[in-house]
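Numbering (my numbering), first residue to last: -7 to 634.
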């Protein structure tokens, strides 16, 4: 197994934070009481399993760092006044013996998931960075822009158009990258930056990236950034409490509630122990079982869900407190299994006493009780080669959160057989899935990687240009021809309707249709068919214009794609709305549907429009404000002159 290490670069002067940095280095600014920027980063690295950490800083800060983080880090003093962050990295790497080295900026805070994605990257390139493809405008303006090329990095720079997004300050280096670092500094000198090293690697196709779009992170440069970081810290902390192996109910229903409870307890300094919460969750589970026995089904279902939510709080409090204990994990597991079996048993007894289900209920109860135990057992027995996130995160949804949610649904519907059937079948399918994944991973390990045929052949640039010109011509013809065809169809259908008006209605599949109705159906089909073909050709031109707008507006390709696609979706919804409205007008018996259908289309239209406005504000806030400022100055100047 490859050894992991980390380097934290903390040798900057923090000039934009003066006078605050005259007494205290920026990396020791607090995000919360007792939690410094550097301390938070070290905790994130420890949570990702990295213990070998080197902090590169200035000589005057060595003593302070040593006292604060005694035993947690090694220190590398970087001498000199004027040097770039690559020089700092080069000095720090001399004390690192790891096979893979994570490089972190000391003024960046980030989600733990970003570290996980970077460390789990399948890229074999010596340099791998984290790429945010849809950052807000302010980050896009100041950040290091990245131009990706397939799965590689083509180049990076502060001034290049933001083709793919920006770097987030996290890098993963192999031992080969150390030589790239050394040669880059030799070539440029001590003022070299990490971006110079990435560009050198990119020219040799030795730089890759992982996509961390949507993850929370920020760099702290100004007093305003410090204030913002102290707010973002709690959002990052709450996201970090969500485990990758959480089931869907836990992730989308339980965690939004449980993490808020845990953070509220943690921020107020209340002395609530995780083991106390485990016991409370267990007692609430027993209360649910008792309510099922006494035929209070809906209330019992709700209480079961409360127990499920509380079951997440104990682990969250343990992680917020610096990590749980083996005893706490053992106690939580035992109490969960007892509560599960008690609830299943009460469902079975209730089915017999109140619903007279008979032997079927007894058999299902036995299988369901066995199933509640087997999921945890199979998860712990699964070898490291089996991806726990893949095993537990999807079908058949056998995790405890999903099982208890089935209990909640069964309780609310007064149908105890629903959770009994689910808890009997789901764990059995889960076990088969684990066996299949285990077998598949073993087969993959034995497979020999098939290399692409040699030599690599690419079409000439001229041929590619001719192909592109042909595609442009074809799509242009599609837009014009389909638009003309649609207009001709609508004109002919109108003439057809006038010519045959008054003729008797005909019956099709039991539905009486007049001429107006038949024409309406034909128009609906024509609008949908030709409209779809026109929109697809417009999408081709929108994709083709991507690079132009990225350069012109200085937004990322992802932001442009989001704006372009939402605009197309709005057009598609408007087109469908128009077509369906025409169709309903032709059938008097369906007129009652006009209002609900219209409201439905309006709701979809407003939701897409809202997302489009958000995308505009996030990506074009800067250019928009610059435009408003320019207009304001122009108006003021004219008024002053007048």
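Glycine included, every Cβ here is placed at the ideal spot set by N, Cα and C. No experiment lies behind these values; they were computed from the predicted model shown.
Between the Cα of residue 41 and the Cα atoms of 21, -2 and 66, which residue gives the shortest distance? -2
Rounded straight-line distance, which links the Cα of residue 115 to that of residue 175: 22 Å
Which runs of the alpha helix (DSSP H), 4 residues or longer, sit entirely within the region 168 to 200? 186 to 195
Is the region 509 to 524 in contact with the region 465 to 484, if contact means three or more CB pairs nearer than 8 Å? yes
Classify residue 67: buried if its beta carbon has 16 or more other beta carbons within 10 angstroms, exposed otherwise. buried
Determine whether the beta carbon atoms of residue 186 and residue 104 lie at a separation below 9 Å. no
When DSSP builds the beta bridges, which residues end up paired with residue -4? 92
In this structure, how does DSSP classify residue 214 when only helix, strand and coil are distinguished? coil
Considering only the alpha carbon of each residue, which of 295, 54, 351 and 215 lies closest to residue 99? 215
Hey, how far is the Cα of residue 464 from the Cα of residue 471? 11 Å
Which whole-angstrom value describes the C-beta separation of residue 270 and residue 327, a residue pair presumed to lie in contact below a C-beta threshold of 8 Å? 6 Å
Taking the alpha-carbon of residue 284 as reference, which of 403, 243 and 194 has the nearest alpha-carbon? 403
In DSSP terms, what residue 124 is bridged to: 158
Residues bridged to residue 164 (per DSSP): 94 and 120
Does DSSP put residue 7 in a helix, a strand or coil? helix
Within a Cβ cutoff of 6 Å, which residues of the same chain sit near residue 586, ignoring the five residues on either side of it in sequence? 576
Assuming residue 139 is part of the alpha helix (DSSP H), what are its boundary residues? Segment 137 to 141 is the beta strand (DSSP E) holding residue 139; no alpha helix (DSSP H) there.
What number of angstroms, rounded off, separates the C-alpha of residue 128 from the C-alpha of residue 632? 36 Å
Can you round the beta-carbon distance between residue 331 and residue 278 to whole angstroms, since I take them to be within the 8 Å contact cut? 6 Å
How is residue 533 classed by DSSP in three states: helix, strand or coil? helix
According to DSSP, is residue 102 helix, strand or coil? strand
Reducing DSSP to helix, strand and coil, say where residue 148 ends up. strand
Where do the ends of the beta strand (DSSP E) carrying residue 48 lie? 45 to 49
Who pairs with residue 28 in a beta bridge, going by DSSP? 22
Are the region 540 to 549 and the region 151 to 161 in contact at 8 Å, needing three or more beta carbon pairs? yes
With a threshold of 8 Å, are at least 3 pairs of Cβ atoms found where one atom belongs to the region 165 to 183 and the other to the region 133 to 145? no
Using only alpha-carbon positions, find the residue among 319, 125 and 340 that is nearest to residue 286. 340
Measure the alpha-carbon distance for residue 629 versus residue 483 and round it to whole angstroms. 54 Å
Could you say if the region 243 to 253 and the region 350 to 364 meet the contact criterion of at least three C-beta pairs nearer than 8 Å? no
Mark residue 112 as exposed unless 16 or more other C-beta atoms lie within 10 angstroms of its C-beta, in which case mark it buried. exposed
Buried or exposed: which applies to residue 197, given that a residue is buried once 16 or more other Cβ atoms fall within 10 Å of its Cβ? exposed
Hey, how far is the Cα of residue 244 from the Cα of residue 399? 17 Å
Alpha carbon to alpha carbon, how far is residue 617 from residue 626? Give it in angstroms, no decimals. 14 Å
Runs of alpha helix (DSSP H) wholly within the region 538 to 624 (minimum 4 residues, chain order): 538 to 545 and 549 to 577
By how many angstroms is the C-alpha of residue 275 removed from the C-alpha of residue 539? 60 Å
Look at the Cβ atom of residue 392, then the Cβ atom of residue 370, and state whether they are nearer than 9 Å. no
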